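>
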Amino acid sequence: MHPSLRYIQGYPEHITTPVGQLVESGRFTAWFKQRYPDNHTIKSEKALFDYTMAIKQRFLKKSPPLSKVIYDSKIHLINHALGLHSYVNRVQGNKVKSKNEIRIASVFKNAPEPLLRMLIVHELAHLKEKEHNKAFYSLCCHMEPSYHQLELDARLFMMSLEQS
Numbered sequence: 719m720h721p722s723l724r725y726i727q728g729y730p731e732h733i734t735t736p737v738g739q740l741v742e743s744g745r746f747t748a749w750f751k752q753r754y755p756d757n758h759t760i761k762s763e764k765a766l767f768d769y770t771m772a773i774k775q776r777f778l779k780k781s782p783p784l785s786k787v788i789y790d791s792k793i794h795l796i797n798h799a800l801g802l803h804s805y806v807n808r809v810q811g812n813k814v815k816s817k818n819e820i821r822i823a824s825v826f827k828n829a830p831e832p833l834l835r836m837l838i839v840h841e842l843a844h845l846k847e848k849e850h851n852k853a854f855y856s857l858c859c860h861m862e863p864s865y866h867q868l869e870l871d872a873r874l875f876m877m878s879l880e881q882s
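All the letters of the sequence shown, read from the start, carry residue numbers 719 to 882 under my numbering.
#1: With three or more C-beta pairs closer than 8 Å as the rule, is the region 816-832 touching the region 751-759?
#2: Output the distance between the C-alpha atoms of N851 and E742, rounded to the nearest integer angstrom.
#3: The beta strand (DSSP E) spanning L784 covers which residue range?
#4: Alpha carbon to alpha carbon, what distance is there between S878 and I726?
#5: Does the region 777-797 come close enough to the region 816-826 that 3 or more CB-CB pairs lie under 8 Å?
#6: Output the distance between the C-alpha atoms of L874 and C858, rounded to the nearest integer angstrom.
#7: Apart from the five residues just before and just after F777, which ones in its own chain have a Cβ nearer than 6 Å to its Cβ?
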C-alpha cells in the first residue's frame, strides 16, 4: 500500500483502489485540484471565530458558549487529528464555569471551504455529543448533509498535500 493511502486505510476497496491508481499514475493532485479548485478566505482567527459562530447560531443556539476558535499548528503532529474540541471546568466560588475551545489544524488555513466547514461542524457537534456515536454523526449530518463525503475529502486533501 502506498504510504499516503494511510489516510483512507479504513475505507472500502471501491474507494481505495481508484484513489491508489490515481496516486500511482501521478494524477491524484491534479484530480483533487479539479474537484476543489478554490481555497477559502478565512485566514484570521477572528474570521474563523465569526464563521464558526454563524454555524453554531444556526444549528446549536442553546449549546454552551465558545470562548475560542483558533488555527493550531501543533494539532496534526501531536494528536493525529484535524481539529480538537476542548473544555475546561473551573470552580469559581460555588459556581462551575466551563470554557469551550475549538482548534483547527493550521493546514486547513489553505483548504477548500467545504472541508473547513466539515471540521467546524465536527467540532461543534462535540458541544452536544462528546463521543463519536450514532447521535454525534446524526448531528453532524443535520448540520452538514454532505458530512461523510466531506470527511473522506478532508482525508484526500491531506493526501494531496503530501503528494505536492
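No residue lacks a Cβ here, since even glycine has one placed at the ideal position from N, Cα and C.
These numbers come from a predicted model, not from an experiment.
Walking through what the data contain:
#1: yes
#2: Mapped onto the sequence shown, residue 851 falls at position 133. Mapped onto the sequence shown, residue 742 falls at position 24. About 35 Å.
#3: For the purposes of this step, residue 784 is identified with residue 66 of the sequence shown, where counting begins at 1. Where L784 is concerned, the enclosing beta strand (DSSP E) stretches over 784-790.
#4: As a working mapping, residue 726 is identified with position 8 in the sequence shown. As a working mapping, residue 878 is identified with position 160 in the sequence shown. Distance between the alpha carbons of I726 and S878 is about 12 Å.
#5: yes
#6: Within the sequence shown, the letter at position 156 stands for residue 874. Within the sequence shown, the letter at position 140 stands for residue 858. The straight-line gap from Cα to Cα measures roughly 19 Å.
#7: Counting from one through the sequence shown, the residue named residue 777 turns up at place 59. Excluding positions up to five away in sequence, the list reads M861.
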